[in-house]
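What follows is a single structure, written as structure tokens, with notes after it.
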Amino acid sequence: MRLAGAHVLLTGATGTIGVRLAAELARRGARLTLVARTSAPLVALAGPLGAAVVAADLTDTVRLPDVLRSAEDAHGAVDVLLHNAAIETAGPVAEAHPDDVRATMALNLAAPLELTRLTLPTMLARRRGHVVAVSSLAAVATFPGLALYGASKAGLSAAMAGLRLELRATPVRTTTVELGPVHSSMMDRIEDEALAAASFTRARRLGALPVLDPDVVAPAVVRAVEEDRHRLTLPRRVAPLALLTEAPRAVVRAALTGVRAAQVGAAR
Ligand SMILES: NC(=O)c1ccc[n+]([C@@H]2O[C@H](COP(=O)([O-])OP(=O)(O)OC[C@H]3O[C@@H](n4cnc5c(N)ncnc54)[C@H](OP(=O)(O)O)[C@@H]3O)[C@@H](O)[C@H]2O)c1
7 MRLAGAHVLL TGATGTIGVR LAAELARRGA RLTLVARTSA PLVALAGPLG AAVVAADLTD
67 TVRLPDVLRS AEDAHGAVDV LLHNAAIETA GPVAEAHPDD VRATMALNLA APLELTRLTL
127 PTMLARRRGH VVAVSSLAAV ATFPGLALYG ASKAGLSAAM AGLRLELRAT PVRTTTVELG
187 PVHSSMMDRI EDEALAAASF TRARRLGALP VLDPDVVAPA VVRAVEEDRH RLTLPRRVAP
247 LALLTEAPRA VVRAALTGVR AAQVGAAR
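Residues 7 to 274 in our numbering are what the sequence shown spells out, letter by letter.
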């Protein structure tokens, strides 16, 4: 997807990775709608970028049509839907509050699916669009203390794999980003939780999981969208691990070769 002039709806825009994604996208000439709950940082971020803002709690799924409508009022049809908002909800499942379970699934999984469902008909009608999900290596291999977060991200990655197949006969593209730990306030909060922290300490000792620089992550994500890559795994050294989860999906894709793709776009 050529980003110059494209309308990108970016959720989680004020977080560690979101602010960098917003800057990187603006540098490429994208027109931005930035979404998060808290207005003040959103407005401060948007000003210099000439971006529109929508302050909304994405766990409130009945509000999602309004979020999309506000974005379209500001910049017209959405070309790139970039699902980046998430909460980490670290801690043992046995100690989780029911609100944590609900909020994690609502923000990390239900909201991206619902926003995608709302946005796709226009993308298909215009024969132009790109859906991007910032998922996690926790979708591939989850540490203790991150079971809820991992479950939500595994759902998101699985949904993106299915979506990719549904859209294969259309010009609408998908990119799934699976990130390892990033220097960020989210990672700091995860490391405050004893069970998850112990696992990350072990992984660090083994040199298995270097912590990523968000200034490196954001341009890599934007490049993956520009290049229509369906998957980006960072750090690259764990890409073989991610390939293991890709294997059954590749088998399904191969098995479906020759099977007429669902006429998702063609019917419109
Ligand atoms: N940081 C990491 O180590 C890491 C590793 C792997 C994957 N990731 C993924 O990368 C993405 C970005 O992570 P990050 O570290 O930048 O997160 P972050 O700094 O915690 O930022 C989260 C963003 O989401 C917004 N948000 C939170 N709850 C929301 C809600 N209910 N409704 C709407 N917006 C909400 C926050 O703004 P408000 O609070 O104002 O709403 C903020 O803009 C996430 O999908 C995360 O899972 C991160």
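Glycine included, each C-beta is placed from N, C-alpha and C at the ideal position. These numbers come from a predicted model, not from an experiment.
Here DSSP, grouped into helix, strand and coil, assigns residue 158 to helix. Pairing residue 181 with residue 253 gives a Cβ-Cβ distance that is not under 8 Å. For residue 237, DSSP records a beta bridge to 182. With contacts defined by Cβ atoms closer than 8 Å, residue 138 and residue 86 form a contacting pair.
Distance from the C-beta of residue 113 to the nearest heavy atom of ligand 1 is below 7 Å. Counting C-beta atoms within 10 angstroms of its own C-beta, residue 28 has 16 or more neighbours from the protein chains shown and is therefore classed as buried. Exposure of residue 249 is indicated by the presence of fewer than 16 other C-beta atoms within 10 angstroms of its C-beta. Distance between residue 212 and residue 179, taken at the CA atoms: about 37 Å. Residue pairing from DSSP places residue 139 in a beta bridge opposite 89 and 182. In the DSSP assignment, residue 81 falls within the alpha helix (DSSP H) that extends over 70-81. By a beta-carbon distance limit of 8 Å, residue 39 does not contact residue 10. Their separation comes to about 16 Å. Residue 146 sits in coil when the DSSP states are folded into three classes, being neither helix nor strand. As the crow flies, the alpha-carbon of residue 196 is around 37 Å from that of residue 79.
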